[in-house]
Amino acid sequence: MSNKKIIIAIDGFSSTGKSTIAKQLAKHLNYIYVDTGAMYRAVTLFAMKNNYINNQSFNQEKLISNLNSVQLNFKFNANLGFAEMFLNGENVEKEIRTIEVSKLVSKVSAISEVRKKLVSEQQEMGKEKGIVMDGRDIGTVVFPDAELKLFMTASADKRAKRRYKELIDRGDKVNYEEILHNVQERDHIDSTRTDSPLTKANDAVEFDNSDMGLEEQFERIIRLVNDHI
Ligand code: DC
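For the sequence shown, the positions run 1 to 229 when the UniProt record's numbering is used.
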């Protein structure tokens, strides 16, 4: 008998290693992996490119009225082993990870119209199950009936160090204080916004990976998965 396909929802603060574990899980189970943060980042990039938002101002109405012109697609890249984000046909995978986008994304993702559009696209992607999705509201709003929900946490300092290393490794010029400030500011905005704030679902299993190695974490999670399939 083949295993039953399930939905795995992974939520948590920024840079808690959600995407690393989600990618690993998807590969192991031969599931689809969806990084919903990439979708919010791509909408933010769209708003930046059209001058609806910058560090000083944000024309929310303009963004809302032009949301129909935002087309998001994931295309699997076999060399990388995961799907890259495309915005209106253009590969924006690298551009959406910059600190400039990180600084504005929480403001864009607080808008209900943006969330409504992306949540419905995410639900569509999970219709057939066999999916690992990470974000902030996956276990609470997108898939409240997901068979397995994980909630990842780690100290702000550990998370900022991870993010700093990632950006430095790819050649970006950033300083640690700026990253730490961004991580803390996003934690605050993401968990206090009115629409779908980041919160742990009652039935989610919490993982604090401040001091947990990747392997140990993966093994524990696989055991949970096996209980469900
Ligand atoms: O996972 P990430 O750091 O790439 O996400 C970027 C931002 O997008 C995050 O600060 C909040 C927002 N987000 C959200 O509001 N809901 C999601 N499901 C995923 C991300």
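Just so it is clear, CB atoms sit at the ideal spot from N, CA and C, and this is done for glycine as well.
DSSP places N73 in the uninterrupted beta strand (DSSP E) bounded by 72 to 77. Short note on S112: C-beta not closer than 7 Å to any heavy atom of the ligand DC. Of all alpha-carbon atoms in R193, K149, F207, the one lying nearest the alpha-carbon of G17 is that of F207. Residue pairing by DSSP places L150 opposite I10, V205 in a beta bridge. For Y40, the uninterrupted alpha helix (DSSP H) segment begins and ends at 36 to 49. Beta-bridge annotation (DSSP): A83 is paired with F76. Cβ neighbours of I8 within its own chain (closer than 6 Å, five residues either side excluded): V132, L148.
Residue burial is scored here from C-beta neighbours: I179 has at least 16 other C-beta atoms within 10 angstroms and is therefore classed as buried. Taken through DSSP and simplified to helix, strand or coil, V174 comes out as coil. Counting only residues of its own chain and dropping the five nearest sequence neighbours on each side, F218 has a CB closer than 7 Å to the CB of I21, Q24. Closest in alpha carbon position to S69, among I189, N55, G89, is G89.
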